[in-house]
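Trainee:
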Amino acid sequence: MRAGFPDFRLGSVLATSFTATLTERQGNAVERIPTPQRLVDWLAVNGLAVESCTTAQLERARELRESIHAAATAAAIRDALPASAVQVINDCSIQGRAAAILTPEGNRQWRLSCVEDALGVIAADAISIIAGERDGKLALCASPTCRAAFFDTSQSRTRKWCDMNTCGNRQKKARFNANQRKHTRG
Ligand SMILES: [Zn+2]
36 MRAGFPDFRL
46 GSVLATSFTA
56 TLTERQGNAV
66 ERIPTPQRLV
76 DWLAVNGLAV
86 ESCTTAQLER
96 ARELRESIHA
106 AATAAAIRDA
116 LPASAVQVIN
126 DCSIQGRAAA
136 ILTPEGNRQW
146 RLSCVEDALG
156 VIAADAISII
166 AGERDGKLAL
176 CASPTCRAAF
186 FDTSQSRTRK
196 WCDMNTCGNR
206 QKKARFNANQ
216 RKHTRG
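Heads up: the sequence shown at position 68 corresponds to 103 in our numbering, and the numbers run straight through without jumps.
Written out as structure tokens, the structure reads:
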């Protein structure tokens, strides 16, 4: 991790890990890819290594990110998908030229050469979860300062928070503190 930048939130779903590079959207938002190099770092951590990124490519990535967030949020509350968001997701998917490669060890690797290729992979991942192709359910984080769209793959489909270690923990602590105050006053 590079010093001085917020850490990444790592999840198992590529598209929502990507939207989680901006957190606390309804509170004091934290931008986790503030520079082109940080996007390069994020892509490397997520198996989408590219050599370089320009400011324009970072802006495009953020545009895709917010479009996925908007479309996934609409899908989670069963609202109509915003047309402009759908357009950006589709454009990114079409522009990408990444190829899936099967390694001798039986793993999938992405062969790509630029940020646009990586965005294409992310856009395709978003399409598969928004289209309901994968086992899971889109939901919104219960934290009022977050409200991130996340992909619930729990068996009961009752997950409440985008991330147990951050939003989940904070809510639990807030409830604990409220109870403590009640007890000390009582
Ligand atoms: Zn959250």
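All residues carry an ideal CB built from backbone N, CA and C; glycine is no exception.
Any contact of the stretch 127-139 with the stretch 196-209, i.e. 3+ C-beta pairs under 8 Å?
Mentor: no
Trainee: Hey, is Trp-77 close to ligand 1, as in C-beta under 7 Å from one of its heavy atoms?
Mentor: No, the beta carbon of Trp-77 sits no closer than 7 Å to any heavy atom of ligand 1.
Trainee: Please state if the CB of Ala-158 and the CB of Leu-83 are separated by a distance shorter than 8 Å.
Mentor: no
Trainee: Indicate whether Arg-169 and Gln-61 have their beta-carbon atoms separated by less than 8 Å.
Mentor: no
Trainee: Give the secondary structure of Val-80 by DSSP, where H, G and I count as helix, E and B as strand, and everything else as coil.
Mentor: Val-80: helix per DSSP, three-state reduction.
Trainee: What is the DSSP secondary structure of Val-48, reduced to helix, strand or coil?
Mentor: coil
Trainee: If you run the structure through DSSP and keep just helix, strand and coil, what is Thr-193?
Mentor: Looking at Thr-193 - three-state DSSP - the assignment turns out to be coil, as it is neither helix nor strand.
Trainee: Can you give me the start and stop residues for the beta strand (DSSP E) that Ile-112 sits inside?
Mentor: Looking at the DSSP string, Ile-112 is not in any beta strand (DSSP E), and its letter there is neither H nor E.
Trainee: Would you call Gln-92 buried or exposed, if buried means 16 or more other Cβ atoms sit within 10 Å of its Cβ?
Mentor: buried
Trainee: How many whole angstroms separate the CB atoms of Ala-107 and Pro-117, which I take to be in contact at a CB cut-off of 8 Å?
Mentor: About 11 Å separates the two Cβ atoms, so there is no contact after all.
Trainee: Short check: CB of Gln-130 to CB of Glu-98, under 8 Å?
Mentor: no
Trainee: Is Ala-183 a contact residue of ligand 1, with contact defined as CB to any heavy atom under 7 Å?
Mentor: At least one heavy atom of ligand 1 lies closer than 7 Å to the C-beta of Ala-183.
Trainee: Out of curiosity, what's the CA-to-CA distance linking Asp-86 and Ala-111?
Mentor: At residue 86 the sequence reads Glu, which differs from the Asp that was named. Each residue's Cα considered, the two are about 35 Å apart.
Trainee: Give the straight-line distance between the Cα atoms of Ala-161 and Thr-180, rounded to the nearest whole angstrom.
Mentor: 23 Å
Trainee: For my contact list, Trp-196 and Cys-176 are in at a C-beta cut-off of 8 Å; report their separation, rounded to the angstrom.
Mentor: 5 Å
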